[in-house]
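First to last, the sequence lines map onto chains A and B. Mapping the first sequence onto the working numbering, position 147 (from 1) lands on 147, and the numbers just tick up by one. Convert by adding 197 to the 1-based position in the second sequence; the result is the number in the working numbering. Every residue, glycine too, gets a C-beta built ideally from N, C-alpha and C. Data block below; observations after.
2 protein chains.
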Amino acid sequence: MARTTDGDGTPVPQRLLAAATRLFADRGYDRTSVQEIVEAAGVTKGALYHYFGSKDDLLHEVYARMLRVQQERLDAIADGDAPVEQRVRDAAADVVVTTIDNLDDASIFFRSMHHLSPEKNKQVRAERRRYHERFRALIEEGQRSGVFASATPADLVVDYHFGSVHHLSTWYRPEGPLTPRQVADHLADLLLRALRP
Amino acid sequence: MARTTDGDGTPVPQRLLAAATRLFADRGYDRTSVQEIVEAAGVTKGALYHYFGSKDDLLHEVYARMLRVQQERLDAIADGDAPVEQRVRDAAADVVVTTIDNLDDASIFFRSMHHLSPEKNKQVRAERRRYHERFRALIEEGQRSGVFASATPADLVVDYHFGSVHHLSTWYRPEGPLTPRQVADHLADLLLRALRP
DNA sequence: CCAGGCAGACTAACCAGTCGGTATGTCGTG
DNA sequence: CACGACATACCGACTGGTTAGTCTGCCTGG
Chain A
1 MARTTDGDGT
11 PVPQRLLAAA
21 TRLFADRGYD
31 RTSVQEIVEA
41 AGVTKGALYH
51 YFGSKDDLLH
61 EVYARMLRVQ
71 QERLDAIADG
81 DAPVEQRVRD
91 AAADVVVTTI
101 DNLDDASIFF
111 RSMHHLSPEK
121 NKQVRAERRR
131 YHERFRALIE
141 EGQRSGVFAS
151 ATPADLVVDY
161 HFGSVHHLST
171 WYRPEGPLTP
181 RQVADHLADL
191 LLRALRP
Chain B
198 MARTTDGDGT
208 PVPQRLLAAA
218 TRLFADRGYD
228 RTSVQEIVEA
238 AGVTKGALYH
248 YFGSKDDLLH
258 EVYARMLRVQ
268 QERLDAIADG
278 DAPVEQRVRD
288 AAADVVVTTI
298 DNLDDASIFF
308 RSMHHLSPEK
318 NKQVRAERRR
328 YHERFRALIE
338 EGQRSGVFAS
348 ATPADLVVDY
358 HFGSVHHLST
368 WYRPEGPLTP
378 RQVADHLADL
388 LLRALRP
């Protein structure tokens with residue numbers, strides 16, 4: 001077997017994915033040429049098309065990674081046995097922190113959906129829907145048990161919160177005054193305050 | 198002077214802008230060719246480059262139109278003499294309604310910033326900042342006068358709300374169960390509830 | 001009869017993906 | 001353990017197709 005890692009120890013496929021992520025986030029999917037990706041990863045087109053079926057595949061990997069991570073974290077929190085109010089707060093804050101920790105992924109996520117092939121797009125939507133529904137179930141649980149107000153449909157509440165998460169990649173800057181944790185606490189707080197009966 | 202309107206009575210530049218808006222929203226800026234735009238508008242490239250300097254100019258027009266409309270509406274509301282609480286509610290709901298009324302513009306707005314030339318991008322950011330600051334001033338006014346909680350920095354509150362507005366183009370569908378006005382009332386309500394002291 | 005409004009062929013650049021080729025390992029066999 | 005057969009990892013020139021923008025010139029109304 002020939003070299004799978006080069007100069008540094010990171011395997012080529014991961015280097016390609018990392019380079020693609022950074023470039024897609026910077027200039028957008030269409031503005032990033034395959035040539036630029038392979039140059040940034042220190043390989044050539046041969047290597048890329050050896051590991052990935054298409055440029056589109058690379059983008060899909062970004063989505064798959066992000067969706068997997070976030071779904072796992074939400075499930076872990078939602079399955080816990082803390083009171084609903086606490087689980088909602090934890091989930092709301094956690095998604096903010098992980099989003100900020102992967103701002104590149106996040107800005108790609110919401111800007112590049114329509115660059116995925118139709119099937120991949122459908123698949124991503126389906127997984128995203130699962131995530132949304134899990135979160136919505138948490139809200140509904142709180143509304144039924146009376147700890148949350150029922151004035152707003154749970155669906156809308158979820159979209160309200162995820163709008164702000166989505167928006168993070170537009171305005172959040174690491175060099176700004178707030179740490180990821182502080183932003184997360186504030187946003188979770190706003191959500192919980194909005195839900196007070 | 199030759200024909201400036203064709204079959205229908207709409208002037209060519211506006212037809213081009215309308216066609217571009219619809220196409221940019223559908224497939225994204227990069228995926229829309231100039232050829233497609235002129236075909237949709239029923240003219241040819243000659244016409245487009247007669248009225249616009251570049252494809253990029255067309256995109257900038259979309260931004261300029263949207264920013265102008267929203268700034269005007271916000272100013273009108275903010276300058277009113279209703280109590281702060283009411284002005285914030287009105288402004289928050291109004292931007293939701295106008296965003297839904299121009300969903301194409303909205304989805305272009307948040308997806309295509311990085312397709313603008315650097316100078317135009319800077320200009321758009323500056324105007325957007327003005328809007329943001331006007332809104333923030335409203336929140337701060339409420340916080341100072343004690344009708345709003347001061348737990349969250351006003352900047353964050355504004356980003357929180359505009360995240361959800363931004364997000365509308367992702368999930369809102371006219372054929373869904375909620376009218377624009379209903380969505381607007383719910384979202385404004387969530388904001389005001391979150392701001393209760 | 002001229003200037004603005006527009007047509008449409010043309011160009012220069014670019015880019016995703018292909019393909020034949022090379023190098024480096026692994027494995028089975030005698 | 002030597003050696004050939006095969007597979008994996010990767011290289012890089014090339015192709016076919018697309019695209020933004022240009023340019024020459026026609027056509028029409030004033």
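**Prompt:** Closest by CA to D101/A, which one among D26/A, T179/A and G42/A?
**Reply:** Residue numbering aside, residue 101/A sits at position 101 when the first sequence is read from its first letter. The shortest C-alpha separation from D101/A is found at T179/A.
**Request:** Could you list which residues in chain A have their beta carbon closer than 7 angstroms to that of H257/B, in chain order?
**Result:** As a first step, residue 257/B must be located in the second sequence, where it is residue number 60. Under the 7 angstroms cutoff, chain A gives no residues; its nearest Cβ is about 17 angstroms from H257/B.
**Request:** Please work out which residues of its chain come closer than 8 angstroms, Cβ to Cβ, to G163/A, disregarding the five sequence neighbours upstream and downstream, and give them in chain order.
**Result:** Start at 1 with the first residue of the first sequence, and residue 163/A comes out as number 163. Sequence-distant partners of G163/A (beyond 5 residues in either direction) whose C-beta falls short of 8 angstroms from its own C-beta are missing from its chain.
**Request:** Give me the Cβ distance between L67/A and V12/A, rounded to the nearest whole Å; I'm assuming they're in contact under 8 angstroms.
**Result:** Stepping through the first sequence from its first residue, residue 67/A is reached at position 67. Stepping through the first sequence from its first residue, residue 12/A is reached at position 12. Contact flag wrong, Cβ pair sits at about 24 angstroms.
**H186/A: first and last residue of the uninterrupted alpha helix (DSSP H) it sits in** = Position 186 of the first sequence, counted from the first residue, corresponds to residue 186/A. First-last of the alpha helix (DSSP H) with H186/A: P180 to L195.
**Assigned secondary structure, P208/B (DSSP; H/G/I helix, E/B strand, else coil)** = The residue labelled residue 208/B in the question sits at position 11 within the second sequence. In the structure shown, P208/B sits in a strand (DSSP, three-state: E or B).
**Asked** Under 9 angstroms Cβ-Cβ, which residues of chain B neighbour D104/A?
**Response** For the purposes of this step, residue 104/A is taken as residue 104 along the first sequence, with counting starting at 1. Under the 9 angstroms cutoff, chain B gives no residues; its nearest Cβ is about 13 angstroms from D104/A.
**Request:** Name the residue from T99/A, E72/A, L17/A and Y63/A whose alpha carbon lies nearest to the alpha carbon of L187/A.
**Result:** The sequence position of residue 187/A within the first sequence is 187, counting from 1. Per the Cα distances, T99/A.
**Asked** Can you list the residues of chain B that R27/A reaches, using a CB-CB cut of under 9 angstroms?
**Response** What you label residue 27/A is simply residue 27 of the first sequence in a count that begins at 1. Near R27/A (Cβ distances below 9 angstroms), the residues of chain B are H311.
**Message:** Give me the residue from R128/A, G142/A and A151/A with the minimum Cα distance to R65/A.
**Reply:** Within the first sequence, numbered from 1, the residue matching residue 65/A stands at position 65. It is R128/A.
**Message:** Less than 8 angstroms between the beta carbons of L48/A and L17/A, yes or no?
**Reply:** Within the first sequence, numbered from 1, the residue matching residue 48/A stands at position 48. Within the first sequence, numbered from 1, the residue matching residue 17/A stands at position 17. The answer is no: Cβ separation not under 8 angstroms.
**Asked** Using a Cβ-Cβ cut-off of 6 angstroms (strictly less than) and excluding sequence neighbours within five positions of P197/A, which residues of its own chain qualify?
**Response** Taking the first residue of the first sequence as 1, we reach residue 197/A at position 197. Hits under 6 angstroms: A149.
**Message:** At the level of alpha carbons, what is the spacing between A222/B and L353/B?
**Reply:** To locate residue 222/B, count along the second sequence from 1; it is residue 25. To locate residue 353/B, count along the second sequence from 1; it is residue 156. Answer to the nearest angstrom: the Cα atoms are 28 angstroms apart.
**Asked** Closer than 8 angstroms, CB to CB, is L187/A near chain B or not?
**Response** Residue numbering aside, residue 187/A sits at position 187 when the first sequence is read from its first letter. Yes - at least one Cβ of chain B is within 8 angstroms of the one on L187/A.
**Asked** Within this structure, are the beta carbons of A288/B and F249/B separated by less than 8 angstroms?
**Response** For this step, residue 288/B is matched to residue 91 along the second sequence. For this step, residue 249/B is matched to residue 52 along the second sequence. Their beta carbons are not under 8 angstroms apart, which means A288/B does not touch F249/B by this criterion.
**Request:** Please compile the residues from chain B whose C-beta is within a distance smaller than 7 angstroms of the C-beta of H167/A.
**Result:** Numbered from 1 along the first sequence, position 167 holds the residue referred to as residue 167/A. Chain B residues near H167/A: D356, F359, G360 and H363.
**Asked** Which whole-angstrom value is the C-beta distance of A351/B and A290/B, which I expect to be below 8 angstroms?
**Response** In the second sequence, counting from the first residue as 1, residue 351/B sits at position 154. In the second sequence, counting from the first residue as 1, residue 290/B sits at position 93. Wrong, their Cβ atoms sit about 19 angstroms apart, outside the cutoff.
**Prompt:** With burial defined as no fewer than 16 other Cβ atoms inside 10 Å of the residue's Cβ, what is the status of R201/A: buried or exposed?
**Reply:** Chain A is shown from 1 up to 197; residue 201/A falls before or after that span and cannot be answered.
**Asked** For the alpha helix (DSSP H) that A40/A lies in, which residues bound it at each end?
**Response** Taking the first residue of the first sequence as 1, we reach residue 40/A at position 40. That run of the alpha helix (DSSP H) goes V34 to A41.
**Asked** Unbroken alpha helix (DSSP H) runs of length 4 or more, entirely within the segment 38-95 of chain A: which are they?
**Response** If we require 4 residues or more, the alpha helix (DSSP H) runs fully inside the segment 38-95 of chain A come out as 45-51 and 55-78.
**Message:** At a CB distance below 9 angstroms, what residues from the segment 30-53 of chain A approach chain B? Give them in sequence order.
**Reply:** D30 and R31
**Request:** Measuring only between beta-carbons, confirm whether T349/B sits less than 8 angstroms from chain A.
**Result:** Here residue 349/B corresponds to residue number 152 of the second sequence, with the count starting at 1. Interface residue, yes.
**Request:** Just the C-alpha distance for V95/A and Q70/A, rounded to the nearest angstrom, thanks.
**Result:** Taking the first residue of the first sequence as position 1, residue 95/A is located at position 95. Taking the first residue of the first sequence as position 1, residue 70/A is located at position 70. Roughly 7 angstroms between the two C-alpha positions.
**Item:** Cutoff 8 angstroms: R390/B Cβ touching any chain A Cβ
**Value:** In the second sequence, the residue the question calls residue 390/B occupies position 193. Yes, contact with chain A.
**Prompt:** Is any heavy atom of the ligand ZN found at a distance shorter than 7 angstroms from the C-beta of V380/B?
**Reply:** The ligand ZN is absent from the structure shown, which contains no ligand whatsoever.
**Prompt:** For chain B, is any of its Cβ atoms less than 8 angstroms away from the one on L17/A?
**Reply:** By 1-based counting over the first sequence, the position of residue 17/A is 17. For L17/A, the answer is no, since every Cβ of chain B falls outside 8 angstroms of its Cβ.
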